[in-house]
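This report concerns only the one structure given below.
In the working numbering, the protein residues as written are 3 to 1580.
Printed below as a string of structure tokens:
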């Protein structure tokens, strides 16, 4: 019932206690029929078009005046609702305003796919409107776009059936620009070169749209090309070129080049990048073609490849190598990943078949968006198009080329302003670019006759001998058709020329003149296949292991599957147990041509799949698979329910669309009757996916029991195509004979009661092909373009509201972007892979092509130890977390599968039979069902289906039991591997370096889901810990000191000449103590210890080491000072403990909190207190000895209660106890809290005893770590032994009941593990946990590492936790910065970025030679290596670098490991690795001489350095013993983490430039530095 109320507006107060936090305030007396949660519609009487939907969150009689309704001010302005005007308020049924699709936008947050699902569950049954900000579990997306019934709407309600698309304005975007030969050609109008069109047109528009949409993507821009060489053999190349030369299938030699312009940059303004791009593009061609030319060397002539011949797939795989490691080096402000390829071509590429299969499978499995933007003109065939390499063209019987249309790529054709002007002026613009031969023919008219036709009879004879007989006419196609083995089953073959009647109407004439369709169901020659050769259902592509990818296979990406038809027995159409005959429909030729010299050759040919005619893909039918439906829920639907891309536009003629043949109605009625009967036979695996929205006349009629307004894709043996609701009745003619409705798709709702006058125009559209393109439902025809939706459609009518309105902007304005021709939404705000899909194989396919496995999870049994003896106190609850309930576990198992790329199959409703189906019903497991059914099914009941690729999971919740059913392909996917060699140049590098990379598809069926489910069930606290194969998320951080004056001086330097950067000085002893004090405060934050500044009380150090932050607490009275002076180590321990307990001058205690005993203190503060207050205690060593004495006398004890835990200096927690309280023991030993160190982050702090400058260079006999107080003596300072974690003592690593303490088992001498309380404020809707790997030792002269590892944590919540840590670190004198897991990962490493590599900076030690003798010439190689290492260490410390960790040594003489050679700059923006002349000992070298032995990381780096600058013939000799440094950037440090203490990009450029100058001995700086050290050592 509608009510008229007066509208008011209010400003929302977002505080929790505010009473006006609601979107709508309304008095309950005005709307008695409205309850909380109802949806109301609000609009002005005079403006009914602008209607607002809001959900009532609260009702009050007191707050809102009667007769009024108040809405939030921002909502009123968005919907143009005027205050103090009357509005109509009406209650609506939420289902009547349900949304089909909602697009949500988020920024600067990280969402996993499981977060998407939980967010969706949290907003179901809620009302949303345009730009509404939603908050759920710290996830804050904004509603961007909504669709309902094919229309874009402003508001609506989200239901269970609403599909939600998540888009990110802060994604990882990799832009690849193909620099093929066409880039230097003029476009079709002759105005711009194609690279000018790409840079000044497309990229300029793209960056403008990013700025307009406030996007801040993480961008990498790469120029790539393939260079061919005119050579007949590899021997024609110089020796230094042969490493990277590759020979293709045609015998051509080539090299691939990649030039990385910018890498992982996040700019607001891309102007400077565009200038750099123009500069590089202008010189790119000349530099690449002449790259290897040297004086005195003969190099084959180089030429650039065309776009079609280029390295397109290799480039996509480069990005996939990076994107597949999405869980490594996880950023908390980035979501989404997309690869954009800009090509000057028309989207046609000649590719290797196996590499195309690898790329397709990896792209689909990874869920990566791939966008192809073509600068060329859109061709008259489907695009993008792959033309496979015909490696056996000379020996094969195949005619023509083998094509493939990649449905997994999104593509656009960019239209420049010049093209728009020409089209607006009515000029004809061709879509076909004349081939080069055409121009050659024009230039050489004398040769025109020779080019057109050979004149000699010999050429004709050769042509007739080499070219098989092919006739494309309908008549010949029927003549050469072989009779079927059982022609009576299919009926006799009749020539259409003898049986066809003459057309009587114009419509019939048009129908007859249509090109011949080629359906897989056509009666092509069939060959009887023996029953022993039976193959499975074509729902799965079963790769042949016996033949290689280079054999004569047909298209394995998109081509039709071979049809093996099973003929039922005559008694029953459903009987499959009777005698069966198998027929293989012979599919030959390319598109529509038979192949072979004669019929006998056809018999001898292999069984083939039908190929694709790129000019008529709608004539071919394709098998519906889960891969084709993977992205379909990301697209909006048109009014008829078909998913479409908004930038793909097709104009229909209104006159033609109204044509319908009356004579066909009777035939169609018969076909519908047949379909109705077939639907009854179909297994009931059909559910609802998407509601169809169309005109009532097309949906609301029923006949013969055929009622369906739903769409759900079900695989079937005979199904080759699914028909969209927009299909016409003519499409039914193309259905396979005998196929059932379920195999086609029961969304083809075509009324039997249709009358000619009631048929909608969409029903007459023909030649539909709903499997073209990423949507899987979008048709193609030559009229389909990506650039016509702005064009005035004179005389045409478009029936889809998805088409954008005609541009009214001024084409001459600067802000005008010719942008409707391109999918700007995908390029500006890329969508993440949808969490839902709608495909599930049918029953027959499951039986024939899948193996079934099951396992059961019973949380009560797994966590029986907890339930049998639950925690009794709050402290015990702190260490023993409550396990997940069965419902929480069920939800988490779904979340984990979604996070790993699975999708929920929507509306997959199984009947009772399928619910009862279990392993027990399978003959493989006859005894299992009784075990499963023995447990009573009481409690919640729920079932869900998920899929990824060919793998399907069914999760069933029944009472307290969860059953996991896995469907795996019976024939596993073949592991494909492609080794790739290329040259690349990273930013700041001076040359194109050689590298290799491997492209291989991942075998998803090998993922150990049983292990992961057990991990979730036990919360990771039992026998199941995090393993690498689980792909757990990782984020690594370094804690570094800030406020370095040298950094500020370099940043603020105003000198015209780049200032010197080797001005960093070693920290004083006082500064080091301040860093230790700040580090202790930071660990208090990590451990959630809350202490006030007064409780912490900074202490006064002896001598000059006074605290830099004195407070009033230091102003102690003279009497208290006298008390402190009289303390001595000779006093009884009880007196010392009494002094420590003094509330005024005693030891600062930690306030009582859960998990800690009374009178707790930190060991570092205790030692510091002893130094300050006890006379004999002068240093850390004596203080530690005194505290150990107190522990031995049982006055203090570790907070865990472990009597074997020694006193360790650092952040270790101890408490004061009474000697009378003896440790509790049992028959197994002392009883204490074994879980203590799993929950508390404890770190040993290395002592700072001497100044760094006290030790001269030549006095050092050990590593530089020892001199800088960074070494840990493994014998005396082993934290594992001191804490009791060893095999000799009863340590906290022993088993706890039936479980193992994983934190103890994984700990090493340098690293420890601790649990992280992710959601301490209970903001999430589920239990969450993570673990942290951190350094066991801290030194103020080194970085401190924290690495987060998690499987069950919400991205934004964890991101907020890290932000809190970073804010606290700044208050403690540090900055916490994200760093990559391996800063020096080589591009050839398996999990690294193939286009990222460290930069080698050689050290010119030859300039230091005196009298022709090199430095350290009088030393043996081992000693020389040590001295040189010290010298390099001194250099980089002068530049502000510090080791990333402490050194661990058994004795004083040791070798540094690879990790101990790595250094990080104090600003966190750069890394350096010392690459010395000798890393391993001579003995170790001998063990690696075998060619089959695995190379160490140091040897791999030496090979990498040797390949750099390998452009001279003597390169191998010169680079064998290069000495220098590897330099790497911290690509994880974004603007969010930067501050004045970290510097910006220009600061980092200054550092690298100055460091290069120093190492090259420019201005004799290196020589001066060497002489200074020699003088200091005298």
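Idealized CB from N, CA, C, for every residue including glycine.
Worksheet item: If you draw a straight line from the C-alpha of residue 1549 to the C-alpha of residue 213, how long is it?
Response: As a first step, residue 1549 is located in the chain shown; it is residue number 1547 there, counting from the start. As a first step, residue 213 is located in the chain shown; it is residue number 211 there, counting from the start. Looking at the two C-alpha atoms, the distance is approximately 25 Å.
Discussion item. Assuming the contact rule is C-beta atoms closer than 8 Å, residue 1026 and residue 1017 should be a hit. Round their C-beta distance to whole Å, please.
Written reply: Taking the first residue of the chain shown as position 1, residue 1026 is located at position 1024. Taking the first residue of the chain shown as position 1, residue 1017 is located at position 1015. With a Cβ gap of about 4 Å, residue 1026 and residue 1017 count as contacting.
Discussion item. Can you tell me which residues form a DSSP beta bridge with residue 262?
Written reply: Taking the first residue of the chain shown as 1, we reach residue 262 at position 260. Residue 262 pairs with 224.
Worksheet entry | Straight-line gap, residue 903 to residue 367 (C-alpha atoms, nearest Å) | The count along the chain shown starts at 1 and reaches residue 903 at position 901. The count along the chain shown starts at 1 and reaches residue 367 at position 365. Cα-Cα distance, rounded: 7 Å.
Worksheet entry | 8 Å contact criterion, which residue 1358 and residue 141 should meet: CB distance rounded | Along the chain shown, read from residue 1 onward, the residue named residue 1358 stands at position 1356. Along the chain shown, read from residue 1 onward, the residue named residue 141 stands at position 139. Cβ-Cβ separation between residue 1358 and residue 141: approximately 5 Å, consistent with a contact (criterion under 8 Å).
Fill in: Three-state class that DSSP yields for residue 373 in the structure shown
If you number the chain shown from 1, residue 373 lands on position 371. The three-state reading of DSSP puts residue 373 in strand, counting E and B together.
Discussion item. At the level of alpha carbons, what is the spacing between residue 378 and residue 410?
Written reply: On the chain shown, residue 378 is found 376 positions in, with the first residue counted as 1. On the chain shown, residue 410 is found 408 positions in, with the first residue counted as 1. So the alpha carbons of these two residues sit roughly 21 Å apart.
Worksheet entry | Proximity winner among 15, 42, 52 and 62, relative to residue 31 (alpha-carbon distances) | Walking along the chain shown from the start, residue 31 turns up at place 29. Per the Cα distances, 62.
Worksheet entry | 8 Å Cβ cutoff met for residue 177 and residue 342 | Stepping through the chain shown from its first residue, residue 177 is reached at position 175. Stepping through the chain shown from its first residue, residue 342 is reached at position 340. Yes.
Worksheet entry | Own chain residues within Cβ distance below 6 Å of residue 1200, not counting five before or after | Numbered from 1 along the chain shown, position 1198 holds the residue referred to as residue 1200. Residues of the same chain with a CB within less than 6 Å of the CB of residue 1200, apart from the 5 flanking positions on each side, are 1207 and 1216 in chain order.
Practice prompt. With residue 868 as the anchor, note down where its alpha helix (DSSP H) starts and where it stops.
Written response: Taking the chain shown and counting its residues from 1, the one referred to as residue 868 is at position 866. Its alpha helix (DSSP H) spans residues 866-870.
Discussion item. Suppose the cutoff is 6 Å on Cβ atoms and the five residues either side in sequence are ignored; what does the same chain contact list for residue 1571 look like?
Written reply: The sequence position of residue 1571 within the chain shown is 1569, counting from 1. Cβ within range, chain order: n/a, list empty.
Worksheet item: Looking at the unbroken beta strand (DSSP E) that takes in residue 344, where does it start and where does it end?
Response: Within the chain shown, the letter at position 342 stands for residue 344. Following the DSSP letters along the chain, one finds residue 344 inside the beta strand (DSSP E) bounded by residues 339-345.
Discussion item. Closest to residue 1406 by C-alpha separation, out of 1029, 1153 and 1560, would be which residue?
Written reply: In the chain shown, the residue the question calls residue 1406 occupies position 1404. Taking residue 1406 as reference, the option from 1029, 1153 and 1560 with the minimal CA-CA separation is 1560.
Worksheet item: What are the boundary residues of the beta strand (DSSP E) that residue 1541 is part of?
Response: Taking the chain shown and counting its residues from 1, one reaches residue 1541 at position 1539. Taken as a continuous stretch (DSSP letters only), residue 1541 belongs to no beta strand (DSSP E), as it is neither H nor E.
Practice prompt. Using 10 angstroms around the beta-carbon of residue 1421, count the other beta-carbons present and answer buried if the total reaches 16, otherwise exposed.
Written response: Start at 1 with the first residue of the chain shown, and residue 1421 comes out as number 1419. The residue is exposed, with fewer than 16 neighbouring Cβ atoms inside 10 Å.
Practice prompt. Rank 1409, 1473 and 1366 by C-alpha distance to the C-alpha of residue 1 and give the top, closest one.
Written response: Residue 1 falls outside the range modelled here, since the chain spans only 3 to 1580, and no answer is possible.
Discussion item. Does residue 15 pass the burial test, meaning 16 or more other C-beta atoms within 10 Å, or should it be called exposed?
Written reply: Residue mapping note: residue 15 aligns to position 13 of the chain shown, counting from 1. When all chains shown are included, residue 15 counts as exposed.
Worksheet item: Measuring from the CB of residue 1079, is there a heavy atom of the ligand COA at a distance below 7 Å?
Response: Inclusion of the ligand COA in the displayed structure is not the case, the ligand content being empty and no account of it being possible.
Worksheet entry | Residues of its chain near residue 894, where Cβ-Cβ distance is below 6 Å and the 5 sequence neighbours each way are ignored | Against the chain shown, residue 894 aligns to sequence position 892. Within the same chain, residue 894 has close Cβ partners 1018.
Item to complete: List in chain order: all unbroken alpha helix (DSSP H) runs of 4+ residues lying wholly within the segment 868-893.
Response: Qualifying alpha helix (DSSP H) stretches, in chain order: 876-881.
Practice prompt. Could you have a look at residue 1563 and say whether DSSP puts it in helix, strand or coil?
Written response: For the purposes of this step, residue 1563 is identified with residue 1561 of the chain shown, where counting begins at 1. Residue 1563: coil per DSSP, three-state reduction.
Worksheet entry | Which residues DSSP lists as bridging residue 1586, in chain order | Nothing can be reported for residue 1586, as the shown portion of the chain is limited to 3 through 1580.
Discussion item. Checking 8 Å against the spacing of the C-beta atoms, do residue 337 and residue 637 come in under that value?
Written reply: Position 335 of the chain shown holds residue 337. Position 635 of the chain shown holds residue 637. When the beta-carbon positions are compared, residue 337 and residue 637 stay at least 8 Å from each other.
Worksheet entry | Continuous alpha helix (DSSP H) stretch holding residue 1169: start and end | Here residue 1169 refers to the residue found at position 1167 when the chain shown is read from its first residue. Taken as a continuous stretch (DSSP letters only), the alpha helix (DSSP H) holding residue 1169 covers 1165-1175.
Worksheet item: Over what stretch of residues does the alpha helix (DSSP H) that includes residue 1053 continue unbroken?
Response: Position 1051 of the chain shown, counting from 1, holds the residue named residue 1053. Taken as a continuous stretch (DSSP letters only), the alpha helix (DSSP H) holding residue 1053 covers 1047-1054.
Item to complete: Given a cut-off of 8 Å, decide if residue 138 and residue 124 are closer than it, judged by their beta-carbon atoms.
Response: To locate residue 124, count along the chain shown from 1; it is residue 122. To locate residue 138, count along the chain shown from 1; it is residue 136. Going by C-beta atoms, residue 124 is nearer than 8 Å to residue 138.
Fill in: Check whether residue 93 and residue 35 have beta carbons under 8 Å apart
Locating residue 93 in the chain shown gives position 91, where the first residue counts as 1. Locating residue 35 in the chain shown gives position 33, where the first residue counts as 1. At a Cβ-Cβ threshold of 8 Å, residue 93 and residue 35 count as neighbours.
Worksheet entry | Segment limits, beta strand (DSSP E) that includes residue 1317 | Here residue 1317 is taken as the residue at index 1315 of the chain shown, counted from 1. Annotation: the continuous beta strand (DSSP E) that includes residue 1317 extends over 1313-1318.
Worksheet item: Taking three-plus beta-carbon pairs below 8 Å as touching, is the segment 193-209 in contact with the segment 250-259?
Response: Contact between the segment 193-209 and the segment 250-259 is absent, because fewer than three Cβ pairs lie under 8 Å.
Discussion item. So, at 6 Å on beta carbons, what are the nonlocal neighbours of residue 1246 in its own chain, with the 5 sequence-adjacent residues on each side left out?
Written reply: For the purposes of this step, residue 1246 is identified with residue 1244 of the chain shown, where counting begins at 1. When the five nearest sequence neighbours on each side are left out, the beta carbons in the same chain lying within less than 6 Å of the beta carbon of residue 1246 are those of 1210, 1212, 1281 and 1339, in order along the chain.
Discussion item. By alpha-carbon positions, which one of 880, 282 and 978 ends up nearest to residue 1089?
Written reply: The count along the chain shown starts at 1 and reaches residue 1089 at position 1087. When each option's Cα is compared against that of residue 1089, the closest is 880.
Worksheet item: Is the beta carbon of residue 1168 sitting closer than 8 Å to the one on residue 1189?
Response: Against the chain shown, residue 1168 aligns to sequence position 1166. Against the chain shown, residue 1189 aligns to sequence position 1187. Contact: yes.
Item to complete: Mark residue 173 as exposed unless 16 or more other C-beta atoms lie within 10 angstroms of its C-beta, in which case mark it buried.
Response: Your numbering for residue 173 matches position 171 in the chain shown. By the 10 Å Cβ count, residue 173 comes out buried.
Worksheet item: Looking only at DSSP bridge pairs, what is residue 42 linked to?
Response: By one-based count along the chain shown, residue 42 stands at place 40. Within the DSSP bridge table, the entry for residue 42 names 56 and 93 as partners.
Item to complete: Please work out which residues of its chain come closer than 6 Å, Cβ to Cβ, to residue 103, disregarding the five sequence neighbours upstream and downstream, and give them in chain order.
Response: Translated into the one-based positions of the chain shown, residue 103 becomes position 101. Here the set comprises 149, 165 and 638.
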